[in-house]
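To start, the structure itself, in structure tokens.
Number of protein chains: 2
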Amino acid sequence: MARAVVVFSGGLDSTTALYKAIADGYEAHAVSFDYGQKHRKELEQAAKIARGLGVDHRVVDITAITGLISNSALTSDKEVPEGHYAADNMKATVVPNRNMIMASIAIGYAVNVDAKAVYLGVHGGDHFIYPDCRPEFVRLLVSIALVANEGFIDPGFEIITPFLNSSKADIVREGAALGAPLELTWSCYKGGARHCGRCGTCVERKEAFLLAGLADPTSYEA
Amino acid sequence: MARAVVVFSGGLDSTTALYKAIADGYEAHAVSFDYGQKHRKELEQAAKIARGLGVDHRVVDITAITGLISNSALTSDKEVPEGHYAADNMKATVVPNRNMIMASIAIGYAVNVDAKAVYLGVHGGDHFIYPDCRPEFVRLLVSIALVANEGFIDPGFEIITPFLNSSKADIVREGAALGAPLELTWSCYKGGARHCGRCGTCVERKEAFLLAGLADPTSYEA
Chain A
7 MARAVVVFSG
17 GLDSTTALYK
27 AIADGYEAHA
37 VSFDYGQKHR
47 KELEQAAKIA
57 RGLGVDHRVV
67 DITAITGLIS
77 NSALTSDKEV
87 PEGHYAADNM
97 KATVVPNRNM
107 IMASIAIGYA
117 VNVDAKAVYL
127 GVHGGDHFIY
137 PDCRPEFVRL
147 LVSIALVANE
157 GFIDPGFEII
167 TPFLNSSKAD
177 IVREGAALGA
187 PLELTWSCYK
197 GGARHCGRCG
207 TCVERKEAFL
217 LAGLADPTSY
227 EA
Chain B
7 MARAVVVFSG
17 GLDSTTALYK
27 AIADGYEAHA
37 VSFDYGQKHR
47 KELEQAAKIA
57 RGLGVDHRVV
67 DITAITGLIS
77 NSALTSDKEV
87 PEGHYAADNM
97 KATVVPNRNM
107 IMASIAIGYA
117 VNVDAKAVYL
127 GVHGGDHFIY
137 PDCRPEFVRL
147 LVSIALVANE
157 GFIDPGFEII
167 TPFLNSSKAD
177 IVREGAALGA
187 PLELTWSCYK
197 GGARHCGRCG
207 TCVERKEAFL
217 LAGLADPTSY
227 EA
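So the protein lines, in turn, are chains A and B. Reading the first sequence from the start, the letters are residues 7 to 228 in my numbering. Reading the second sequence from the start, the letters are residues 7 to 228 in my numbering.
Shown next, in the form of structure tokens:
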């Protein structure tokens, strides 16, 4: 069975990506990153979801990187902004080069376990705010992975982004269709024990269930 | 004064790159990586060299990554091979995707401190063994850095690799000309208190001083 590494935060997108990798016939190796995010709850939820699936799951501690790239509201004392995701103030949640760092590690892992692919749950709705979720980034990522690991990586290695042009609502629909436990996924950036219901990711999460026409299983504070 | 981040291992190449960045007029921010390498001595030497220069120096602990990409002789129980660098057995020293991982973090750091460039000490002699030291890798790296951080990175951001087509002997010559303390640099992969004189990097180091026509200040075991 061919292997795939799945970058897996425990959120809606990457949980659905993990279920998709398995549905696509891969032996999935899930990898989560502890980068000092306030919303560490996502790591616990990721562990629960991986256990439920019985897949190999690693949490990689990259908190030391935080000291270097600590401008983001996700990893510093700054307030996580509230309101809609598309708004300009959500730029405060950008962690410089985060996806490239995580993808680089996932690619190294893939080379090490001889995986044929890395799955990333980036999606259409991310493009506006996060440049490292855009199609051009993904295209360059597979090119650089092949070049940087020539002779060590499978020549057919792929970066698979099943939701690159999907909306969050599409992902919720697909996750539900694949039987993913969406009630276990975590979105909130605020770091509380329940979803706050007010930060950008919570607003986006609510909207996604609404647009998908599915009951939202999330317990929100507001 | 424009800033530059220098990926700085404490070896001949990156020490000369650090001196070059300063000579090029940058305020240098040196960054070293603790990736669980046996030859941790290089980190001590890096700290000494940075202190001598009075430049900002960070050591980033990415040892957690080792568990994921632990096939290399540099980070596992495997023996570090002896003999000439170009030999096939030196492939055992490849840490999957190491340069991409380190470069990604350096790029995130550069975005955070608003640096205009990242210096990498990769050189011509590395190309044969390490795919992530080749010109094509460097070209893709600057492209992906610009795409992944659009709106946050200086549009003129560069990956500067002054030795991309230089030999190790050229670097030794340049380092000496720039006044770099080559006697403080560390090359040996074996992890001892002195340079072993037998592993690939030691053989290469000896040869570089010889070809550069400079007295080798290194104390070798053999």
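Glycine included, C-beta positions come from ideal geometry on N, C-alpha and C.
Contacting residues, own chain, Cβ-Cβ under 8 Å from residue i (five flanking each side not counted)
i: A:Val66; result: Val37, Ser38, Phe39, Asp40, Ile111
i: A:Ser225; result: Arg200, His201
i: B:Leu170; result: Val128, His129, Gly130, Pro141, Val144
DSSP state of residue i mapped onto helix, strand, coil
i: A:Tyr226; result: strand
i: A:Glu142; result: helix
i: B:Phe169; result: coil
i: B:Arg209; result: Residue identity differs from the one stated: residue 209 of chain B is Val in this sequence, not Arg. If DSSP states are grouped into helix, strand and coil, B:Val209 belongs with the helices.
i: A:Asp160; result: coil
i: A:Ser193; result: coil
i: A:Gly219; result: coil
i: A:Tyr110; result: In the sequence as displayed, the identity of residue 110 of chain A is Ser instead of Tyr. Three-state DSSP puts A:Ser110 in a helix.
i: A:Arg64; result: strand
i: B:Ser15; result: coil
i: B:His8; result: Reading off the sequence, residue 8 of chain B comes out as Ala, not His. Three-state result, B:Ala8: coil.
i: A:Asp120; result: coil
i: A:Val148; result: helix
Own chain partners of residue i with C-beta closer than 6 Å, once the 5 adjacent residues on each side are dropped
i: B:Thr21; result: Ile55, Ala186, Thr191
i: B:Lys26; result: Pro168
is_contact[residue i, chain B] using C-beta, thresh 8 Å
i: A:Met106; result: yes
i: A:Tyr41; result: no
i: A:Glu50; result: no
i: A:Leu217; result: no
i: A:Tyr115; result: yes
i: A:Ala93; result: Low per-residue confidence applies at A:Ala93: pLDDT is 49, beneath 50, and the placement is therefore not dependable enough to give any value.
For residue i, the nearest candidate out of the options (CA to CA)
i: A:Phe143; options: A:Glu227, A:Ala123, A:Ala109; result: A:Ala109
i: A:Ser15; options: A:Ala29, A:Val209, A:Gly127; result: A:Gly127
i: B:Ala182; options: B:Leu24, B:Val13, B:Ala154; result: B:Leu24
i: B:Ser172; options: B:Pro141, B:Phe158, B:Glu164, B:Tyr195; result: B:Pro141
i: A:Ala214; options: A:Ile150, A:Gly198, A:Glu156, A:His129; result: A:His129
i: A:Pro102; options: B:Val119, B:Tyr125, B:His45; result: B:Val119
i: B:Val124; options: B:Leu147, B:Arg104, B:Gly203; result: B:Leu147
i: B:Ala228; options: B:Leu216, B:Glu210, B:Gly203; result: B:Gly203
i: A:Ile159; options: A:Leu59, A:Arg179, A:Ala121; result: A:Ala121
i: B:Asp138; options: B:Asp62, B:Ile107, B:Ser149; result: B:Ile107
i: A:Arg211; options: A:Leu59, A:Asp62, A:Gly131, A:Gly31; result: A:Gly131
i: B:Leu188; options: B:Val12, B:Gln51, B:Glu156; result: B:Gln51
i: A:Tyr136; options: A:Ala221, A:Ser193, A:Arg104; result: A:Arg104
i: A:Arg64; options: A:Gly31, A:Tyr32, A:Gly58, A:Val13; result: A:Val13
Proximity test, Cβ basis, 8 Å: residue i and chain A
i: B:Arg204; result: no
i: B:Asn171; result: no
Proximity of residue i and residue j at Cβ, strictly below 8 Å
i: B:Ala70; j: A:Ile68; result: yes
i: A:Ala53; j: A:Ala34; result: no
i: B:Phe163; j: B:Ala151; result: yes
i: A:Gly114; j: B:Ile75; result: yes
i: B:Val178; j: B:Leu18; result: yes
i: B:Lys47; j: B:Tyr195; result: no
Nonlocal neighbours in the same chain, by C-beta distance under 7 Å from residue i, ignoring five residues either side
i: B:Ala29; result: Leu184
i: B:Ala175; result: Ala214, Leu217, Ala218
i: B:Pro161; result: none
i: A:Ala93; result: Low confidence applies here, because A:Ala93 scores a pLDDT of 49, under 50, leaving its location unreliable; read the following figure in that light. Cβ within range, chain order: n/a, list empty.
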